[in-house]
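All remarks here apply to the structure that follows.
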Amino acid sequence: MRANRGKDTRPELAVRRILHARGFRYRVHFKVPGMPRRTIDIAFPRQRLAVFIDGCFWHGCPDHYAKPKANAGFWSEKNASNIRRDLEVSHHLRQEGWGVLRFWEHHEPVVIADAISHEHQTITRSNSQQSLVNESQHPAAPRGPGI
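Residue numbering for the sequence shown follows the numbering used here, starting at 10 and increasing by one per position.
Below, the structure is given as structure tokens:
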């Protein structure tokens, strides 16, 4: 099991390629603020958007997870702790004002990229509208001659 990658998995790379081709810039393996040893698969820090692409086996996909027969007790607890950790990380990020998107590895990369693009644009639009409201409430100080 050690040979299984925790980072740069095929599904992650496929989604990242699509996002990059669409002109999106992002961070990978971005540290979760306030949670040591936890990282975000694909992060958009300016928009505060975190994207996770979870493996079906390691994160307990309801459609594809099959409990191994060997050492079933260990794997059952391991899977339960992974799910708890995922929930804690998502909750923590939301408390910090981040949007969190989670996808299963079996979802089509284009569908994942479309959902990320949509959420990114929604947040960007919302932030720019909020910026316009803030600027109208706090106009620049009047400038005198020669200043």
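Every residue gets a Cβ at the ideal spot worked out from N, C-alpha and C, and that includes glycine.
### Task
Can you tell me which of the three DSSP states Thr48 falls into?
strand
#### Entry: Closest residue to Asn109 among Arg134, Ser99 and His129 (Cα-Cα distance)
In the sequence as displayed, the identity of residue 109 is Val instead of Asn. Closest by alpha carbon: Ser99.
### Message
On the DSSP letters alone, give me the boundaries of the beta strand (DSSP E) that Lys40 sits inside.
### Response
Arg36 to Lys40
### Message
Would Ile49 and Phe39 be called neighbours here (beta carbons separated by less than 7 Å)?
### Response
yes
### Message
Can you list, in chain order, the residues of its chain with a C-beta nearer than 6 Å to that of Ala59? Leave out the 5 residues immediately preceding and following it.
### Response
Ile49, Ala52, Leu102, Trp107 and Val109
### Message
Quick check on the DSSP output: what are the complete alpha helix (DSSP H) runs of length 4 or more inside the region 72-127, in order along the chain?
### Response
81-104
### Query
Alpha carbon to alpha carbon, how far is His130 from Ala79?
With the sequence shown as reference, residue 130 is identified as Gln, and His is not the correct amino acid for it. Approximately 46 Å between the Cα atoms of the pair.
### Query
Taking Gln104 as the reference, which of Asp17, Arg31, Met44 and Ala30 has the closest Cα?
Met44
### Message
Beta-carbon within less than 8 Å of Ser135's beta-carbon, same chain only, minus the 5 sequence neighbours each way: which residues are those?
### Response
none
### Query
Where does the unbroken alpha helix (DSSP H) through Phe66 begin, and where does it stop?
Cys65 to His68
#### Entry: Rounded separation between Ala122 and Gln56 - CA only
16 Å
### Task
Name the one or two DSSP bridge partners that Val60 has.
Ile51 and Leu110
### Task
Assuming Asn88 and Gly64 form a contact by the criterion Cβ under 8 Å, report the distance between their Cβ atoms to the nearest whole angstrom.
Incorrect: roughly 11 Å between the Cβ atoms, too far for contact.
### Query
Who are the Cβ neighbours of Ala124 in its own chain at under 8 Å, not counting the five residues just before and after it?
Leu110 and Phe112
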